[in-house]
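Asks:
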Amino acid sequence: MSDSFVHLHVHTEYSMLDGAARLKQMFKQVGDLGMPAIAITDHGNMHGAYDFYKQATGAGIKPVIGIEAYVAPASRHQKKPVLWGEPHQKRDDVSAGGYYTHMTIWAKNATGLTNLMKLSSRAYTEGFVRKWARMDAEILAEHAEGLMATTGCPSGEVQTRLRLGSTTRRSRRRRGPRSSSARRTTTWRSWTTGSASSAGSATG
3 MSDSFVHLHV HTEYSMLDGA ARLKQMFKQV GDLGMPAIAI TDHGNMHGAY
53 DFYKQATGAG IKPVIGIEAY VAPASRHQKK PVLWGEPHQK RDDVSAGGYY
103 THMTIWAKNA TGLTNLMKLS SRAYTEGFVR KWARMDAEIL AEHAEGLMAT
153 TGCPSGEVQT RLRLGSTTRR SRRRRGPRSS SARRTTTWRS WTTGSASSAG
203 SATG
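In this note's numbering, the protein residues as written are 3 to 206.
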């Protein structure tokens, strides 16, 4: 395999009930294939970042540290799910029925790594609901320096909007009667500010 190819979206054994890649075997395979680097982008956590970094550097492979973040559709403080689109559209159009979307984020440098750790920590202490540690657009903007991001997997915000055929955010609480006050429309927001760089569309 060409030494210019690098996997940038990887779930390891630290993606609970989701990732199958054990680090020791993964780095052996990466070395055998002649890849110069590999990323870690576990779902909603950075628990494996230190072990990943230690094993990567020990194997002479460049570590790219990231996360596939859970991003709250509205505020991280809002603990109830939201439904985007119209009532007739399927409940699974937004991950977990409206609790989050996905965004893949990587650290470009030491500043970015620090900010990524802050984001992960705040997701747990401020945005945790059920079993998901969620960021939101507000704290992504606060800690954007040194990061790069893409729209993520099919559960990303951009992909979700495309499935819904929507370019505006229409959300309402799934519980309780529908009313004009329970439904609101806001425009797309981009959290990328300052010196933060995007490898694709970065929205939250």
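Think of the CB as a built atom: it goes at the ideal place given N, C-alpha and C, for glycine as much as any other residue. Predicted, not measured: the structure shown is a model, and the values here were computed from it.
Whose C-alpha, out of Ser6, Leu142 and Glu159, is nearest the C-alpha of Tyr102?
Replies: By one-based count along the sequence shown, residue 102 stands at place 100. Out of Ser6, Leu142 and Glu159, Glu159 has the C-alpha closest to the C-alpha of Tyr102.
Asks: What did DSSP end up calling Met3 once you bin it into helix, strand or coil?
Replies: Here residue 3 corresponds to residue number 1 of the sequence shown, with the count starting at 1. Residue placement at Met3 is poorly supported in this model, since its pLDDT is 49, which falls under 50; the coordinates are not used for a value here.
Asks: For Val8 versus Ala23, is the C-beta spacing smaller than 8 Å?
Replies: The residue you call residue 8 lines up with position 6 of the sequence shown. The residue you call residue 23 lines up with position 21 of the sequence shown. No. Outside cutoff.
Asks: For Met105 versus Ala74, is the C-beta spacing smaller than 8 Å?
Replies: Start at 1 with the first residue of the sequence shown, and residue 105 comes out as number 103. Start at 1 with the first residue of the sequence shown, and residue 74 comes out as number 72. Taking 8 Å as the Cβ cut-off, Met105 and Ala74 do not qualify as a contacting pair.
Asks: When you compare only the Cα positions, how much space is there between Glu144 and Ser123?
Replies: Within the sequence shown, the letter at position 142 stands for residue 144. Within the sequence shown, the letter at position 121 stands for residue 123. For Glu144 and Ser123, the distance between alpha carbons rounds to 14 Å.
Asks: Excluding the five sequence neighbours on either side, which residues of its own chain have a C-beta within less than 8 Å of the C-beta of Gly50, listed in chain order?
Replies: As a first step, residue 50 must be located in the sequence shown, where it is residue number 48. Correct list, in chain order: Thr14, Glu15, Tyr16, Leu25, Ile42 and Asp44.
Asks: Taking the alpha carbon of Pro83 as the reference point, which residue from Gly129, Ala112, Lys110 and Thr59 has its own alpha carbon closest?
Replies: As a first step, residue 83 is located in the sequence shown; it is residue number 81 there, counting from the start. Ranking the options by Cα distance to Pro83, first place goes to Gly129.
Asks: Determine the burial state of Arg180: buried for a count of at least 16 other Cβ atoms within 10 Å of its Cβ, exposed for fewer.
Replies: The residue labelled residue 180 in the question sits at position 178 within the sequence shown. Per-residue confidence for Arg180 stands at a pLDDT of 39, beneath the threshold of 50, marking its modelled position as unreliable; the derived number appears in the next sentence. Looking at its Cβ environment, which holds fewer than 16 other Cβ atoms inside 10 Å, Arg180 is exposed.
Asks: What does the alpha-carbon distance come out to for the pair Thr152 and Met137?
Replies: Within the sequence shown, the letter at position 150 stands for residue 152. Within the sequence shown, the letter at position 135 stands for residue 137. When rounded, the distance between both Cα atoms is 15 Å.
Asks: For Thr116, which of helix, strand or coil comes out of DSSP?
Replies: To locate residue 116, count along the sequence shown from 1; it is residue 114. Thr116 falls in the helix class under three-state DSSP.
Asks: As a quick exercise: from Ala61, Met119 and Pro156, pick the residue whose alpha carbon is nearest that of Val32.
Replies: Position 30 of the sequence shown, counting from 1, holds the residue named residue 32. Selected option, being the one with the closest Cα: Ala61.
Asks: Hey, out of Ala109, Ile141, Leu164 and Gly68, whose CA is closest to Ala76's CA?
Replies: The residue given as residue 76 occupies position 74 in the sequence shown. If we check each option's Cα against that of Ala76, Ile141 comes out closest.
Asks: Which of the three DSSP states is assigned to Gly99 in this structure?
Replies: Here residue 99 corresponds to residue number 97 of the sequence shown, with the count starting at 1. Helix.
Asks: Rounded to whole angstroms, what's the CA-CA distance from Asp53 to Ile69? Just pull it up for me.
Replies: Residue mapping note: residue 53 aligns to position 51 of the sequence shown, counting from 1. Residue mapping note: residue 69 aligns to position 67 of the sequence shown, counting from 1. Answer to the nearest angstrom: the Cα atoms are 15 Å apart.
Asks: Between which two residues does the beta strand (DSSP E) carrying Val8 extend?
Replies: The residue labelled residue 8 in the question sits at position 6 within the sequence shown. Note, Val8: premise wrong, no beta strand (DSSP E); not H, not E.
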